[in-house]
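Visitor: Numbering (this note's numbering), first residue to last: 2 to 304. Cβ atoms here follow ideal geometry from the backbone N, Cα and C, with glycine treated the same way. Supplied in C-alpha cells, the structure appears directly below.
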C-alpha cells in the first residue's frame, strides 16, 4: 500500500507547476507550538550523526508546521486543507517556496529531492487532512488506520534514511502507532476542550456509557479509567510487536535510538496506568526519562 502512495507522489510531482490560491499561501504558522525537546521520544538525538540529525530535524519541522495547521482552532476545515495542499505543492517542487512553505522546501533540500523520503513526508499530510475534517475514530481499527498516516511515516522515514532492511517496518510501525496513541491519551482533555477531538475509540466509550463531555472533567471517572486501561492494553500489545525492532536494525546508532524510544514508550504506558491524564499532564519525570534512556542504551547494545 505504501509503495502505491509513493508512486502517486512521484507521478504528481512530474507534472508542471500550478498556481495556488492566495489563501493557500498566507497565514501558515511561522513557528511551531511544540519543540523537539518537548516530545515523548528522542528527536534527532546525539546518538545520530550530525548530517543525519539535520535531515531528521527538517522532517520534524515540516511535520510540526503541518500539525499546527491541522490543530489551529481559528481556521476552517477548508482553510486548513488549502494550507496543507500548499505545503505538499512545495514539497514536491510544483510551487516555489515562500516564507509560509519554507519548511517543505527545507525538507526537500535536506533530502536532496529523494522521492522515497519525500513520499513518507507526504503521507503525514493525509493524516492532517483527516484531522481537519474529522474529530473522532470509530474503533481500534479506525485508529490504527489513522496511525498508518500520522505515525508510521515517521519510523519509515528513519529506516529509509539509514538504508535499513524493510523487515524492520512492521516493528517500527507498531512502535510509532503506540507512541501516537499514548500521545492521544496524554492530551485527551485539551484535545476535546480546544478542538472538540476525541481519538479514544468511540465504540469503547459508548460501550461504557461515556459521552465526550467526560473529557471536560477535572478527574477521570471509573468508567473512563476502564477505557483508558483498555486502550493501554492495546498499546502494550503494539509494544510487544515492536520489541524485536532494535535487533532488526543494522545501523548501530539508529539501533540505540530505537531501543531508547521503545523503553520510553513502555515507561510512559506504565505511568499512564497510574496517573490521571485529565487531572494533569502525564509525562515521565526527568529522573524517569534518564532511567529509560540508560535502560534503552543497554538494550540497544545487547540487541
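Straight-line CA distance for residue 165 to residue 258?
Guide: Distance between the alpha carbons of residue 165 and residue 258: 14 angstroms.
Visitor: Would you kindly work out how many angstroms separate the C-alpha atoms of residue 304 and residue 250, rounded to a whole number?
Guide: Going by the C-alpha atoms only, they are around 9 angstroms apart.
Visitor: Taking the alpha-carbon positions, what's the residue 148 to residue 214 distance?
Guide: The straight-line gap from Cα to Cα measures roughly 24 angstroms.
Visitor: Which whole runs of the alpha helix (DSSP H) in the region 101 to 138 are 4 residues long or more, in chain order?
Guide: Within the region 101 to 138, the complete alpha helix (DSSP H) runs of at least 4 residues are 103 to 111 and 116 to 134.
Visitor: Please report the distance separating the alpha-carbon of residue 61 from that of residue 292.
Guide: If you take the alpha carbons of residue 61 and residue 292, they lie about 25 angstroms apart.
Visitor: For residue 50, count the other beta carbons within 10 Å of its own beta carbon; 16 or more makes it buried, fewer makes it exposed. Which is it?
Guide: Counting Cβ neighbours within 10 Å, residue 50 comes out exposed, since fewer than 16 surround it.
Visitor: Residues in the same chain with beta-carbon distance under 7 angstroms from residue 67, minus the five sequence neighbours each way, listed in chain order, please.
Guide: Excluding residues within five positions, the ones whose Cβ falls inside 7 angstroms are 85, 88, 125, 126 and 129.
Visitor: Alpha helix (DSSP H) containing residue 144: first to last residue?
Guide: Note, residue 144: alpha helix (DSSP H), 141 to 151.
Visitor: List the endpoints of the continuous alpha helix (DSSP H) containing residue 210.
Guide: Premise fails: residue 210 is in no alpha helix (DSSP H) and is neither H nor E.
Visitor: Check each candidate in 186, 131 and 277 and name the one with the smallest Cα separation from residue 78.
Guide: Nearest C-alpha to residue 78: 131.
Visitor: Please list, in chain order, all residues of the same chain as residue 218 whose beta carbon is under 7 angstroms from its beta carbon, the five residues on each side excluded.
Guide: Cβ within range, chain order: 279.
Visitor: Specify the secondary structure class of residue 22 as computed by DSSP and reduced to three states.
Guide: With a pLDDT of 49 at residue 22, under the threshold of 50, the modelled position of that residue is not reliable, and the figure given next carries that caveat. Coil, per DSSP.
Visitor: Kindly give me the distance between the Cβ atoms of residue 208 and residue 263, rounded to whole angstroms, as I take these residues to be in contact under 8 angstroms.
Guide: At roughly 30 angstroms, the Cβ-Cβ gap does not stay under 8 angstroms, so residue 208 and residue 263 are not in contact.
Visitor: Would a C-beta distance cut-off of 8 angstroms place residue 242 and residue 161 closer than the cut-off?
Guide: Going by C-beta atoms, residue 242 is not nearer than 8 angstroms to residue 161.
Visitor: Please give me, in chain order, every unbroken run of the alpha helix (DSSP H) with length at least 4 that falls completely inside the region 157 to 188.
Guide: 170 to 187, all fully within the region 157 to 188.
Visitor: Flag this pair as yes or no: are the beta carbons of residue 240 and residue 271 separated by less than 8 angstroms?
Guide: Contact: no.
Visitor: Grab me the residues of residue 235's own chain with a C-beta within less than 8 angstroms of its C-beta, minus the 5 sequence neighbours each way, in chain order.
Guide: Result list for residue 235: 141 and 182, in chain order.
Visitor: Applying the criterion that 16 or more other CB atoms from any shown protein chain within 10 Å of the CB defines a buried residue, is residue 302 buried or exposed?
Guide: With fewer than 16 other Cβ atoms within 10 Å, it is exposed.
Visitor: Could you give the residue range of the alpha helix (DSSP H) that holds residue 239?
Guide: Residues 223 to 243.
Visitor: To which residues of the same chain is residue 174 closer than 7 angstroms at the C-beta, ignoring the five residues directly before and after it?
Guide: The answer, listed in chain order, is 153 and 156.
Visitor: Only counting the same chain, and skipping five residues up and downstream in sequence, which positions put a Cβ closer than 6 angstroms to that of residue 294?
Guide: The answer, listed in chain order, is 261.
Visitor: Could you give the residue range of the alpha helix (DSSP H) that holds residue 297?
Guide: Where residue 297 is concerned, the enclosing alpha helix (DSSP H) stretches over 287 to 303.
Visitor: Have a look at 227, 200, 90 and 288 and flag the residue whose alpha-carbon is nearest the alpha-carbon of residue 275.
Guide: Checking every option, the nearest Cα to that of residue 275 belongs to 227.
Visitor: Straight-line CA distance for residue 200 to residue 288?
Guide: Residue 200 and residue 288: Cα-Cα distance of roughly 30 angstroms.
Visitor: Can you tell me the Cβ-Cβ gap for residue 198 and residue 136, rounded? I've got them flagged as a contact below 8 angstroms.
Guide: Sure, about 5 angstroms apart at Cβ, within 8 angstroms.
Visitor: Using 7 angstroms as the cut-off, classify the Cβ of residue 268 as near or not near the heavy atoms of the ligand ATP, replying yes or no.
Guide: Summarising the ligand content, the structure contains no ligands, and the ligand ATP is consequently not present.
Visitor: Measure the alpha-carbon distance for residue 169 versus residue 158 and round it to whole angstroms.
Guide: Roughly 12 angstroms separates the two Cα atoms.
Visitor: Going along the chain, which residues of its own chain have a beta-carbon closer than 7 angstroms to the beta-carbon of residue 237, five neighbours each way excluded?
Guide: Contacts found: 270.
Visitor: Taking the alpha carbon of residue 91 as the reference point, which residue from 114, 151 and 146 has its own alpha carbon closest?
Guide: Nearest option by C-alpha distance: 114.
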